[in-house]
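As structure tokens, the structure follows; a few thoughts come after it.
Number of protein chains: 4
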Amino acid sequence: MTPYLVTLDRAALEAQGIEGFAYGFADRVRFYELDALNHVNNTAFLRWFETARVGYMQDYGLSGYSHGPDDPQLVVRHQSAEYFAPMHQNESYIVTARTRLIKPSSFIMEYAVFSDGAMRARGDAVMVSLAPDGSGRRAHKPEAVARMIERDGAEVAG
Amino acid sequence: MTPYLVTLDRAALEAQGIEGFAYGFADRVRFYELDALNHVNNTAFLRWFETARVGYMQDYGLSGYSHGPDDPQLVVRHQSAEYFAPMHQNESYIVTARTRLIKPSSFIMEYAVFSDGAMRARGDAVMVSLAPDGSGRRAHKPEAVARMIERDGAEVAG
Amino acid sequence: MTPYLVTLDRAALEAQGIEGFAYGFADRVRFYELDALNHVNNTAFLRWFETARVGYMQDYGLSGYSHGPDDPQLVVRHQSAEYFAPMHQNESYIVTARTRLIKPSSFIMEYAVFSDGAMRARGDAVMVSLAPDGSGRRAHKPEAVARMIERDGAEVAG
Amino acid sequence: MTPYLVTLDRAALEAQGIEGFAYGFADRVRFYELDALNHVNNTAFLRWFETARVGYMQDYGLSGYSHGPDDPQLVVRHQSAEYFAPMHQNESYIVTARTRLIKPSSFIMEYAVFSDGAMRARGDAVMVSLAPDGSGRRAHKPEAVARMIERDGAEVAG
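Residue numbers (our numbering), protein chains in the order written: chain U, 5 to 162; chain Y, 5 to 162; chain V, 5 to 162; chain B, 5 to 162.
Spelled out as structure tokens, the structure:
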């Protein structure tokens, strides 16, 4: 059986020459991610960040995306992306994610895309944790905070 | 290193209990493929068929998608999809593709999506082979036709 | 103020030379609907059909997409699309929708895309009406059935 | 006939209570822009910015997107987006675009989304002007620069 979208941890990423991240996955560019300029559209990178983020949330225990009462709704308040080089059909890449800073009901994540040993794009996102119905802020689950600190070296702010 | 989007041949597919196909790949449902009903949107399946089709074209030698003079432009003339069961976030699946019938400058493909041992969706597409500039019909490359017959058991029509 | 995505009824469509439909809207091709071949990707047409379908459901009273107990979940069981000519950036078009056949808990819709006085694509879909939680079939709302018959000339099957 | 995606100039935007922009268009949220949380996905806003940007490029004469020798390839080097409130199915909005700063072969744009008299999101992008084959930087067309200064009040940097 073919493994795919398998989570890459710090050791697996370091074996690929990627330092500073403890969460990622490998994938390939698909035809639907190209635009009329025949390279990967800028929004596709944000989809990759999203896929990494959703996997990260579940892996670190921030949210199970169950829409149930135990699971906060995690929304993007701000995001940015920087593009270093165009990417093309079938190109293999690794996308990584980590948390840099944790606040009581929000946190700042960083993402990067690597291909052929070079960083092709990077980004960050300010994530806000809301009640499942979106009605107000929600504190993070302590075990998730512990993992963000331990695995990513995330800082904690007041 | 994580293998991913690795081509599954007839033997690999049969090992997964999938009969009758000689080309496929494994993947997982991503967040961006869900819609507001919280299951995979019907168009996402057509994206999977497209990803399988583009890989198939390159693997069988029908087109390298180079936009150069040697490569026909392969366009969808007709397609259909049938949906048997909803699919959800993170669900693992295998999508397969094969050619059923070959005509001088077109061919009919079939696709299927399998998850947990059951077919979740199937589809077909009538593909037309055009000159690279779209100006007229283009005959298939003989070696590609040979592979479609040998691997898929495709029939040839006048 | 600019009107946009305004529902076109039978009279408005006939004024555009489109016969046989009582529901549609006008729009223009956007950059993100193009693919690497620099024309509208085949799945974008299915997005247009979807947008027309969701508007139609609300306009005819089949579902308010409220996810509440009164609103059936309408899912696509089968769909097809036929493509007659490529479409390009900024191209203006009208997409139309109608119901051809009504069954107790399902119905068959037809869609078409018109540009420059010609049909560029057509499609159909078998829609199934489920309980809001997807647990079983749900009968259509009588007032919606009445509108499908009156406006579209839909046939009713046992 | 229904007008749609009609360019809104400064006067038309001011009539809607939107100050400081000379280019925009009105639209409505579509079903495919929602995600599993049942609100507009964060990447959809970037699609709206892209649609506004491509229209702006053509309207201001920066590029005709012809892929010909006269038309630079305009690529996103950096972008950001800030989200103030969730948006929902069928919601009407206006998206606007302007250039803030012009450099010899790049420029900085700003975007905003307005609904019900409030700004729902804003963003910016650093655009780089390349030769049509992507081989190197390309100076802007003088008439486009003149329009960015006159219409948007863009500043010119070294």
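Cβ atoms here follow ideal geometry from the backbone N, Cα and C, with glycine treated the same way.
Remember, predicted model here, so these are calculated numbers, not experimental data.
- So, does the CB of E95/U fall closer than 9 Å to a CB anywhere in chain Y? no
- Query: Where do the ends of the beta strand (DSSP E) carrying V132/Y lie?
  - Reply: 122-134
- Compare the beta carbon distance of I106/B and M152/B with 9 Å and say whether it is the shorter of the two. Taking 9 Å as the Cβ cut-off, I106/B and M152/B qualify as a contacting pair.
- Query: Terminal residues of the continuous beta strand (DSSP E) containing Q105/U?
  - Reply: One point to set straight first is that residue 105/U is Leu, not Gln, in the sequence displayed. 96-107 is the extent of the beta strand (DSSP E) around L105/U.
- Task: Using 10 angstroms around the beta-carbon of E54/B, count the other beta-carbons present and answer buried if the total reaches 16, otherwise exposed.
- Result: buried
- In whole angstroms, what separates the C-alpha of S67/V from that of P73/U? 27 Å
- What's the C-alpha gap between Q20/Y and M123/Y? Straight-line Cα distance between these residues: approximately 12 Å.
- Message: Between G157/V, D13/V, A26/V, G127/V, which has its C-alpha nearest V117/V's C-alpha?
- Response: G127/V
- With DSSP as the reference, please indicate the residues paired to L41/Y in a beta bridge. In the DSSP output, where bridge partners are listed per residue, L41/Y has none listed.
- For I153/V, the first and last residue of its enclosing alpha helix (DSSP H): Boundaries of the alpha helix (DSSP H) around I153/V: 146-156.
- Could you tell me whether the Cβ atoms of L134/U and Q77/B are closer together than 9 Å? no
- Minimum C-alpha distance to V33/U - residue among M91/U, A26/U, Q62/U, M131/U: That would be M91/U, whose Cα lies nearest to the Cα of V33/U.
- Does Y69/Y get closer than 9 Å to chain U when you measure Cβ to Cβ? Residue-level contact by beta carbon holds for Y69/Y and chain U, with a gap shorter than 9 Å.
- Start-to-end residues for the beta strand (DSSP E) that takes in M91/V: Careful: M91/V lies outside any beta strand (DSSP E) and carries neither H nor E.
- Measure from the alpha carbon of V10/B to the alpha carbon of each residue in A26/B, A30/B, E23/B, F25/B, then state which is nearest. When only C-alpha atoms are compared, the closest one is A30/B.
- A51/U to E18/U, Cα distance in whole Å? As written in the sequence, residue 51/U is Arg, which differs from the Ala given in the question. Their backbone Cα atoms lie some 24 Å apart in a straight line.
- Message: Is it buried or exposed, G140/V, if we count other Cβ atoms within 10 angstroms and call 16 or more buried?
- Response: Under this definition G140/V is an exposed residue.
- Pick from P108/Y, Y36/Y, E147/Y, A143/Y: whose alpha carbon is nearest that of Q62/Y? Nearest C-alpha to Q62/Y: E147/Y.
- Give me the Cβ distance between H82/V and A129/V, rounded to the nearest whole Å; I'm assuming they're in contact under 8 Å. Contact holds; Cβ gap of about 7 Å.
- Task: Give the interface partners of T55/V over in chain B, defined as CB-CB distance under 9 Å, in chain order.
- Result: R34, F35, Y36
- Straight-line Cα distance separating E95/Y from F35/Y: 11 Å
- In chain V, which residues lie with their C-beta within 7 Å of the C-beta of V44/B? What V44/B touches in chain V: nothing, since even the nearest Cβ is about 14 Å away.
- Rounded to whole angstroms, what's the CA-CA distance from F88/Y to E86/B? Just pull it up for me. 39 Å
- Given F25/B, which residues of its chain have a CB within under 6 Å of its CB, disregarding the five upstream and five downstream residues? Take F25/B, set aside five residues on each side of it, and the residues of its chain with a beta-carbon closer than 6 Å to its own are L17, T100, R102, in chain order.
- Task: Return the first residue and the last residue of the beta strand (DSSP E) that G28/B is part of.
- Result: 28-32
- Message: Judging by CA-CA distance, which residue of D39/Y, G157/Y, R57/Y is the nearest neighbour of Y69/V?
- Response: That would be D39/Y, whose Cα lies nearest to the Cα of Y69/V.
- Where does G28/U land, buried or exposed, given buried means 16+ other C-beta within 10 angstroms? buried
- is_contact[A40/V, chain U] using C-beta, thresh 9 Å: With a threshold of 9 Å between beta carbons, A40/V makes contact with chain U.
- Item | Neighbour-count burial assignment, V160/Y, 16 or more Cβ in a 10 Å radius | Looking at its Cβ environment, which holds fewer than 16 other Cβ atoms inside 10 Å, V160/Y is exposed.
- Query: Apart from the five residues just before and just after V132/V, which ones in its own chain have a Cβ nearer than 6 Å to its Cβ?
  - Reply: V79, R81, S110
- Three-state secondary structure (DSSP) at V10/B? Coil, per DSSP.
- Message: Quick check on R51/V - is its C-beta less than 9 Å from some C-beta in chain B?
- Response: It does; some Cβ of chain B falls within 9 Å.
- Task: Closer than 6 Å by C-beta to D156/B: which residues in its own chain qualify, once you throw out the five before and the five after it? Chain order, please.
- Result: A26, R102, T103
- Excluding the five sequence neighbours on either side, which residues of its own chain have a C-beta within less than 7 Å of the C-beta of Q93/B, listed in chain order? V33, F35, L38
- Message: According to DSSP, is R51/U part of a helix, a strand, or is it coil?
- Response: It is helical.
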